[in-house]
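Chemist: This structure is in structure tokens; I'll ask about it shortly.
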Amino acid sequence: MLPAYCSICGKERHSFNSGPLCSCGGILIPRVDFRYRDCDFRGNYPYLKHVISLGEVATPVVDVAGMKLKLEYFSPTFSYKDRGSKVLISSLLENLPKGSEINEDSSGNAGASIAAYGASAGYKVNIFVPEATMKSKMSQIIAYGAEIHTIRGTREDVATAAKSHRGYYASHVLNPEFRDGMRQISYEIFQQMGYRIPERVFIPVSAGTLMLGVIAGFRHLMNSGETSGMPEIVAVQTEAVCPLCSRINGFQYDPSAVTNSVADALVSKNPPLLDEMTRELKHYGGKCIVVSEDEIISARNDLAHSGIYVEYSSATVFAASRKIHGNENALLIMTGNGLKTP
């Protein structure tokens, strides 16, 4: 079981609970208390007894416009979410027998990923999605055999529906195993760049699991003596949904406002991990950049004309890179395939 501690009471988790949170209601934060191992996946996830695999590979890094792009959509369900689903579902196998029911709320990509890995593990999967979820993403979820529940209302209403349904709440936001799976991205970047790290990493941010996991991976490398410091983390959000940038940059943001963005994967208005995201980004001297709809669309088109076809949510980081100088040693994480939002 993943070592984790509560963000509120500080208590260590010593057993599997009936849900993803501490008994006091606090969010569980992964604890990485061993040295980095320059080996395969299992070496840096020693707590996993069983590993579900759908043929994951080290996702490629390519050079575009003088920067490096890590193509996370070279994953089984075409998004980076497979990093977290692999670790979460593998962890659940120690506590939930095959045939158990698990529930997840998602705007699309996490739902498809949990559906795929859940199917491989033999679970009955329920995916709760917002009413506005793209049909292409729902079709992928259905193809894996999951049952879709379409919920009218806010993103928080969708989460409440998933949480209250019978079965285990396999939230990709709240289960600490999911974000812990993102550490592997940092290790791959380190290895693929010749055992060095980039000076700057651009990350699209919504719920925050990707950013927090990547930070944890680079911190693990630094604490293990593999690197002498951390890259500058640049979190990227849309003008429509920007709670983290509001906190970091000190401007007003109204989460109750109606939003409609082409970046449909970046829609978490009140992310449960917001306090931790703010703390981590400030601690390591990171930035948060907001991009407009026009900037996102332009960035996506320009990437496609360079042979890189990503969904709009991924293109946000390319749009953000155009707003600051000094990106000669920068890396952008491309999170999802363009076929998800044609």
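In our numbering, the protein residues as written are 1 to 342.
Using N, Cα and C, we set each Cβ at its ideal position, and we do this for glycine too.
Under a three-way DSSP split, which group does D105 fall into?
Modeler: The residue you call residue 105 lines up with position 105 of the sequence shown. Of the three classes helix, strand and coil, the one that applies to D105 here is strand, per DSSP.
Chemist: On the DSSP letters alone, give me the boundaries of the alpha helix (DSSP H) that N223 sits inside.
Modeler: Counting from one through the sequence shown, the residue named residue 223 turns up at place 223. Its alpha helix (DSSP H) spans residues T209 to N223.
Chemist: Let's see if you can read the secondary structure: which residues bound the beta strand (DSSP E) around P150?
Modeler: Reading the sequence shown from its first residue, position 150 is the one you call residue 150. According to the sequence shown, residue 150 is Thr rather than Pro. That run of the beta strand (DSSP E) goes E147 to I151.
Chemist: For K135 versus A110, is the C-beta distance shorter than 7 Å?
Modeler: As a working mapping, residue 135 is identified with position 135 in the sequence shown. As a working mapping, residue 110 is identified with position 110 in the sequence shown. No, the Cβ-Cβ distance between K135 and A110 is not below 7 Å.
Chemist: What's the gap between the Cα of A235 and the Cα of V61?
Modeler: Indexing the sequence shown from 1 puts residue 235 at position 235. Indexing the sequence shown from 1 puts residue 61 at position 61. The straight-line gap from Cα to Cα measures roughly 19 Å.
Chemist: With a threshold of 7 Å on Cβ separation, who are the neighbours of T133 within its own chain once the five nearest residues in sequence on each side are excluded?
Modeler: Locating residue 133 in the sequence shown gives position 133, counting from the first residue. Within the same chain, T133 has close Cβ partners S107 and G108.
Chemist: So, with DSSP's three-state summary, where would you put A304?
Modeler: One-based indexing of the sequence shown puts residue 304 at position 304. Helix, per DSSP.
Chemist: Could you tell me which of A4, G55, K269 and V32 sits nearest to P20, measuring between CA atoms?
Modeler: Residue mapping note: residue 20 aligns to position 20 of the sequence shown, counting from 1. When each option's Cα is compared against that of P20, the closest is A4.
Chemist: Between F128 and chain C, is any beta-carbon pair separated by less than 7 Å?
Modeler: Structure shown: chain C not included; a single protein chain is present.
Chemist: Reducing DSSP to helix, strand and coil, say where Q191 ends up.
Modeler: Here residue 191 corresponds to residue number 191 of the sequence shown, with the count starting at 1. Residue state, collapsed to three classes: helix.
Chemist: Which word fits C39, buried or exposed, when buried means at least 16 other C-beta atoms lie within 10 angstroms of its C-beta?
Modeler: The count along the sequence shown starts at 1 and reaches residue 39 at position 39. Exposed: under 16 other Cβ atoms inside 10 Å.
Chemist: Give the range of the beta strand (DSSP E) segment to which C288 is assigned.
Modeler: Position 288 of the sequence shown holds residue 288. Run containing C288: K287 to V291, per the beta strand (DSSP E) assignment.
Chemist: Cutting at 7 Å between CB atoms, please list the residues of its own chain near P231, excluding the five before and the five after it.
Modeler: Residue numbering aside, residue 231 sits at position 231 when the sequence shown is read from its first letter. Within the same chain, P231 has close Cβ partners I197, P198, E199, R200, V201 and F218.
Chemist: Would you kindly report the start and end of the unbroken beta strand (DSSP E) that includes Y5?
Modeler: Working through the sequence shown from its first residue, we reach residue 5 at position 5. First-last of the beta strand (DSSP E) with Y5: A4 to C6.
Chemist: So, for S206: in the same chain, excluding its five sequence neighbours on each side, which residues have a beta-carbon less than 6 Å away from its beta-carbon?
Modeler: Along the sequence shown, read from residue 1 onward, the residue named residue 206 stands at position 206. Cβ within range, chain order: L266 and S268.
Chemist: Which one or two residues does DSSP pair with L331 in a beta bridge?
Modeler: Counted from its first residue, the sequence shown places residue 331 at position 331. Answer is K68 and V201, bridged to L331.
Chemist: Using a Cβ-Cβ cutoff of less than 8 Å, which residues in the same chain neighbour G250 once the five nearest sequence positions on both sides are dropped?
Modeler: The residue given as residue 250 occupies position 250 in the sequence shown. Closer than 8 Å at the Cβ level, and outside the excluded window around G250, lies no residue.
Chemist: Would you list the residues sitting across from P128 in a DSSP beta bridge?
Modeler: Counted from its first residue, the sequence shown places residue 128 at position 128. Residue identity check: residue 128 is Phe in the sequence provided, not Pro. In DSSP, F128 forms a bridge with D105 and H149.
Chemist: With A119 and G145 assumed to form a contact (beta carbons below 8 Å), what rounded beta-carbon distance in angstroms separates them?
Modeler: Within the sequence shown, the letter at position 119 stands for residue 119. Within the sequence shown, the letter at position 145 stands for residue 145. Correct: roughly 5 Å between the Cβ atoms.
Chemist: Report buried or exposed for A257, applying the criterion of at least 16 other Cβ atoms within 10 angstroms of its Cβ.
Modeler: Along the sequence shown, one-based indexing puts residue 257 at 257. Counting Cβ neighbours within 10 Å, A257 comes out exposed, since fewer than 16 surround it.
Chemist: Taking Cβ to Cβ, would you say S261 is nearer than 7 Å to A240?
Modeler: Sequence index remark: in the sequence shown, residue 261 carries index 261 (1-based). Sequence index remark: in the sequence shown, residue 240 carries index 240 (1-based). Yes; because the gap between Cβ atoms is below 7 Å, this pair is in contact.
Chemist: According to DSSP, which residues form a beta bridge with G336?
Modeler: Looking up residue 336 in the sequence shown gives position 336. S79, per the DSSP bridge assignment.
Chemist: Helix or strand or just coil, what does DSSP make of L346?
Modeler: The chain is shown only over 1 to 342; residue 346 falls outside these bounds and no answer can be derived.
Chemist: Between S90, E94 and I203, which has its C-alpha nearest T335's C-alpha?
Modeler: In the sequence shown, the residue the question calls residue 335 occupies position 335. Of the listed residues, the one whose Cα sits closest to T335 is I203.
Chemist: Taking the alpha-carbon of R83 as reference, which of L281, R166 and I185 has the nearest alpha-carbon?
Modeler: Numbered from its first residue, the sequence shown carries residue 83 at position 83. Comparing Cα-Cα distances from R83 to each of L281, R166 and I185, the minimum goes to I185.
Chemist: If the criterion is Cβ atoms closer than 7 Å, does the pair K70 and T59 meet it?
Modeler: Looking up residue 70 in the sequence shown gives position 70. Looking up residue 59 in the sequence shown gives position 59. Yes, they are a contact pair.
Chemist: Between the Cα of D180 and those of D157, T160, A161 and I215, spot the shortest distance and give me the residue it belongs to.
Modeler: Position 180 of the sequence shown, counted from the first residue, corresponds to residue 180. Closest option to D180, Cα to Cα, is I215.
Chemist: Starting from E280, trace the alpha helix (DSSP H) in both directions and tell me its first and last residue.
Modeler: The count along the sequence shown starts at 1 and reaches residue 280 at position 280. From DSSP, the alpha helix (DSSP H) with E280 extends over L274 to H283.
Chemist: Quick check: what's the CA-CA separation for S79 versus E72?
Modeler: In the sequence shown, residue 79 corresponds to position 79, counting from 1. In the sequence shown, residue 72 corresponds to position 72, counting from 1. Each residue's Cα considered, the two are about 6 Å apart.
Chemist: Ignore the nearest five residues each way along the sequence and tell me which others in C6's own chain have a CB closer than 7 Å to its CB.
Modeler: In the sequence shown, residue 6 corresponds to position 6, counting from 1. Cβ neighbours of C6 beyond the five flanking positions: C22, C24, G26 and L28.
Chemist: Taking the continuous alpha helix (DSSP H) assigned at E177, which residues delimit it?
Modeler: Taking the sequence shown and counting its residues from 1, the one referred to as residue 177 is at position 177. Element bounds for E177: P176 to D180.
Chemist: With a 10 Å radius around its C-beta and 16 neighbouring C-beta atoms as the bar for buried, classify R279 as buried or exposed.
Modeler: Your numbering for residue 279 matches position 279 in the sequence shown. Label assigned to R279: exposed.
Chemist: Identify whether A58 lies in helix, strand or coil by the three-state DSSP scheme.
Modeler: Here residue 58 refers to the residue found at position 58 of the sequence shown. Correct three-state label for A58: coil.
Chemist: Relative to the C-alpha of V170, which candidate in V129, E226, L221 and N103 has its C-alpha closest?
Modeler: Within the sequence shown, residue 170 is the residue found at index 170, counting from 1. Looking at the sequence shown, residue 170 is not Val but Ala. Checked all of V129, E226, L221 and N103; the closest Cα to A170 is N103.
Chemist: For Q237, report the span of its beta strand (DSSP E) as first-last.
Modeler: On the sequence shown, residue 237 is found 237 positions in, with the first residue counted as 1. Looking at the DSSP string, the run of the beta strand (DSSP E) that includes Q237 is E232 to T238.
Chemist: Apart from the five residues on each side of it in sequence, which residues of its chain come closer than 6 Å, Cβ to Cβ, to S85?
Modeler: Position 85 of the sequence shown holds residue 85. So the qualifying residues of the chain are S113, I114 and Y117.
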